[in-house]
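One structure is given here, and the rest of the page talks about it.
Residue numbers (my numbering): 322 to 389.
Written out as structure tokens, the structure reads:
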């Protein structure tokens with residue numbers, strides 16, 4: 322019971338972080354199931370903003386860091 326209570330608290334905290342981080346972008350609560358989503362499904366439910374590559378993400382981060 323103690324472990325279950327701890328895990329439930331961790332899950333609730335994680336859900337709060339995701340909801341705040343994706344504020345207004347989530348289109349369903351499907352992500353709360355614990356299921357793993359591929360890129361198309363993640364995009365459809367609002368977990369990600371777009372599909373790209375690691376190289377593209379690094380290049381974008383460098384560009385944004387230089388413009389700051």
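Note that the Cβ used here is the ideal one computed from N, Cα and C, for glycine as well.
* What's the call for residue 327, buried or exposed, on a 16-neighbour Cβ count within 10 Å? -> By the 16-neighbour rule on beta-carbons within 10 angstroms, residue 327 is exposed.
* Asked: For residue 367 versus residue 347, is the C-beta distance shorter than 9 Å?
  -> Between residue 367 and residue 347, the gap from beta carbon to beta carbon is short of 9 Å.
* Just the Cα atoms here: how many angstroms apart are residue 370 and residue 324? -> Near 35 Å, if we compare the C-alpha coordinates of residue 324 and residue 370.
* Asked: Which of the three DSSP states, helix, strand or coil, is assigned to residue 337?
  -> Assigned with DSSP and collapsed to three states, residue 337 falls in helix.
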